[in-house]
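Residue numbers (the numbering used here): 94 to 708. Beta carbons are placed, not taken as given, at the ideal position from N, Cα and C, and that holds for glycine.
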Ligand code: F6R
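Printed below as a string of structure tokens:
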């Protein structure tokens, strides 16, 4: 979703902000802009629909300089994608006398924007864009003009008043003609400030990743905390909504381990991240068996919930389905899993002995955070399975397990899925035996070895994708433990290759979807030792209707190979419950190669955002 970067310091901030925006490209966006303080003492904006490159081109022609600057990548919610709707929004010609020059950037949704807009138009404010964001700027101007009439005009107070009037989750950064100050505040949307005391620079962003290597300390303000960044004393002060100094801010040194991720020799981040899985699995094992993770695991070993609720979205929800299977099979604890967007509105049946688990790569997904808040309000114990350290989910859940996936840049989640599921398995193992068992990590490391072998033969999957990427549709099937990865395979394929794909429990096909099968439909069948005969019968049913069969199946299974059009042999030996995670890597590679042959924008698929911070 929208990315925000702001800078105050001794340097020209333009390139610094553009670099920050470049790092946030992975979040998904459709336009970009910056605002600067011009030599005439007024703010000017440069903004352009499309790729960041378009903005860079206009900036490089004009060479603006500004010690204070804010930038934004927009992911459209209200108003089509065009230059006008891009951020920053600037106050020029919004009010009659143009006394103020203010620019704002916004991430989120102002739910009561239509009502406020009407009221503001009636009071003489002109709007230039179709966005909800500009309404906040209108409110701000309105507040300033009203206060001025009583001779008390004050930016800070006007910002607080305007902020109190909006509904919904939002983060804002506000720039005025005071070159020494930026203001930022948020509710239910990510916002981080950063300082570098040596270079006397200050930063603000929607994502700490933008600040890696720039800030050495980062601050995470609570909701409703106004951050005032001051260039003169290189300090950030924090205030509550009544304007009183506040300490409701978490801070930490910027993670050294959080390196800026580059693609290296890989053509896409997604491929790099698929290939990173063995290494990241071993990192997870080391962290929890020998590293700081031991303490986290010891802390959660006491859990013995009567029932577990799992909430998450998208791929993280699929990881939740895998974890549910683990917990029910090995712990015999009933698990209820809900999409976070459903859970939050359904008045779930929760009891004090329950545990609620939230799974998220980013830790900033709006629906997942709302589901977490609901459980926190009802005093249900909460556990986060999360990748991004310092994210809202990580900070707000009662306990957290970090999945150790490292930065995931590709919009399509790959390594995070595998590590979320393994973290869930580890959690189940620890609460079952009340201690850390090395055996589970041996199994994880065996999975890492197997994935490594599979990746060495990625060419065979590429060759299959090349032959069938133009087929009409793809149905991924699997039974039992393999069903969640059938869903995940289909999601991966549709999101990056833009083809119709569905995941089904193999036994369900004949209850409807088999009507789709003809010689232009492909069935990717996940066949593993459990329920082997049943799954093979389902393949026969598809074959009888001339569907194309791609089987992910046991090595040396000649019969299965014969009935399949394409066959990917797997070594399942010793992996047991981890088999679905191994088979899923085939689907990841298959989706990647189909997308590559289709020529789509693999790392930044259309319409998608990496971190979904709106409902
Ligand atoms: C799909 C994908 C999404 C995310 C979902 C939740 O490849 O990445 O479905 O899994 O938006 O995001 P997180 O895990 O950040 O909460």
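Could you check where the alpha helix (DSSP H) with residue i kicks off and where it finishes?
i	result
residue 485	485-489
residue 359	It is not in any alpha helix (DSSP H) - residue 359 carries neither H nor E in the DSSP assignment.
residue 222	Looking at the DSSP string, residue 222 is not in any alpha helix (DSSP H), and its letter there is neither H nor E.
residue 663	Unbroken run through residue 663 is the beta strand (DSSP E), 659-663; no alpha helix (DSSP H).
residue 423	It is not in any alpha helix (DSSP H) - residue 423 carries neither H nor E in the DSSP assignment.
residue 113	106-117
residue 381	370-382
residue 686	672-691
residue 666	From DSSP, residue 666 is part of no alpha helix (DSSP H); its letter is neither H nor E.
residue 461	459-470
residue 434	433-436
residue 392	386-393
residue 97	Per DSSP, residue 97 belongs to no alpha helix (DSSP H); it is in the beta strand (DSSP E), 96-101.
residue 557	551-561
residue 653	651-656
Below 8 angstroms on the Cβ atoms is my contact criterion, and I expect residue i with residue j to pass it. Report the Cβ-Cβ distance as a whole number of Å.
i	j	result
residue 317	residue 260	Actually they do not touch by this definition, with Cβ atoms about 13 angstroms apart.
residue 262	residue 202	7 angstroms
residue 478	residue 447	Not a contact, Cβ separation roughly 16 angstroms.
residue 167	residue 704	With a Cβ gap of about 14 angstroms, residue 167 and residue 704 do not count as contacting.
residue 405	residue 433	6 angstroms
residue 476	residue 494	7 angstroms
residue 412	residue 517	7 angstroms
residue 497	residue 362	Their Cβ separation, rounded to whole angstroms, is 18 angstroms, which puts residue 497 and residue 362 out of contact at 8 angstroms.
residue 635	residue 610	6 angstroms
residue 596	residue 580	4 angstroms
residue 126	residue 138	6 angstroms
residue 457	residue 441	Incorrect: roughly 22 angstroms between the Cβ atoms, too far for contact.
residue 296	residue 308	5 angstroms
residue 270	residue 136	6 angstroms
residue 678	residue 367	7 angstroms
residue 141	residue 179	7 angstroms
residue 525	residue 585	Incorrect: roughly 31 angstroms between the Cβ atoms, too far for contact.
residue 101	residue 160	7 angstroms
residue 234	residue 184	6 angstroms
residue 661	residue 638	No, residue 661 and residue 638 are not in contact; Cβ-Cβ is about 22 angstroms, not under 8 angstroms.
residue 686	residue 558	3 angstroms
If you follow the beta strand (DSSP E) that residue i is in, where does it begin and where does it stop?
i	result
residue 330	328-332
residue 403	401-405
residue 346	342-346
residue 495	492-495
residue 449	448-453
residue 478	474-479
residue 59	Only positions 94 to 708 of the chain appear in this structure, which leaves residue 59 out of reach.
residue 456	Careful: residue 456 lies outside any beta strand (DSSP E) and carries neither H nor E.
residue 51	What is shown of the chain runs 94 to 708, which leaves residue 51 out entirely.
residue 319	319-323
residue 715	Because residue 715 is not part of the residues shown, which for the chain are 94 to 708, the question remains open.
residue 69	The structure shown does not extend to residue 69, since the chain spans only 94 to 708, so no value can be given for it.
residue 314	310-314
Less than 8 angstroms between CB atoms is the rule here; does residue i satisfy it with respect to chain C?
i	result
residue 457	No chain C appears in this structure, which consists of one protein chain only.
Please list, following the chain, all residues that have a C-beta closer than 5 angstroms to any non-hydrogen atom of ligand 1. 406, 407, 408, 409, 453, 454, 455, 458, 505, 506 and 705
Could you say if the stretch 565-576 and the stretch 622-634 meet the contact criterion of at least three C-beta pairs nearer than 8 angstroms? yes
Mind pulling the alpha helix (DSSP H) runs of 4 or more residues that sit fully within the stretch 508-536? 508-526
Does the stretch 539-548 come close enough to the stretch 589-602 to have 3 or more Cβ pairs within less than 8 angstroms? no
Output the residue ranges of the alpha helix (DSSP H) runs that lie fully inside the stretch 580-644 and measure 4 residues or longer, sorted by chain position. 625-636
Could you say if the stretch 289-304 and the stretch 331-339 meet the contact criterion of at least three C-beta pairs nearer than 8 angstroms? no
Start-end ranges of the beta strand (DSSP E) lying completely within the stretch 215-302, minimum 3 residues: Scanning the stretch 215-302 for uninterrupted beta strand (DSSP E) segments of 3 residues or longer gives 263-268, 274-280, 285-289 and 294-298, listed from N- to C-terminal end.
Per the contact definition of three or more C-beta pairs closer than 8 angstroms, is the stretch 380-397 in contact with the stretch 639-647? Touching, no, given that fewer than three Cβ pairs across the two stretches are closer than 8 angstroms.
Can you list, in chain order, the stretches of the alpha helix (DSSP H) that have 4 or more residues and sit fully within the stretch 148-220? 206-215
Quick test of the definition: if touching needs 3 or more C-beta pairs under 8 angstroms, does the stretch 181-192 touch the stretch 147-157? With a cut-off of 8 angstroms on Cβ pairs, the stretch 181-192 is not in contact with the stretch 147-157, counting fewer than three such pairs.
Would you call the stretch 318-334 in contact with the stretch 112-132, where contact means no fewer than 3 C-beta pairs closer than 8 angstroms? Touching, no, given that fewer than three Cβ pairs across the two stretches are closer than 8 angstroms.
Is the number of C-beta pairs between the stretch 169-176 and the stretch 221-228 that are closer than 8 angstroms three or more? yes
Quick check: the stretch 500-515 against the stretch 484-491, are at least 3 beta-carbon pairs closer than 8 angstroms? Counting Cβ pairs under 8 angstroms, fewer than three are found: no touch.
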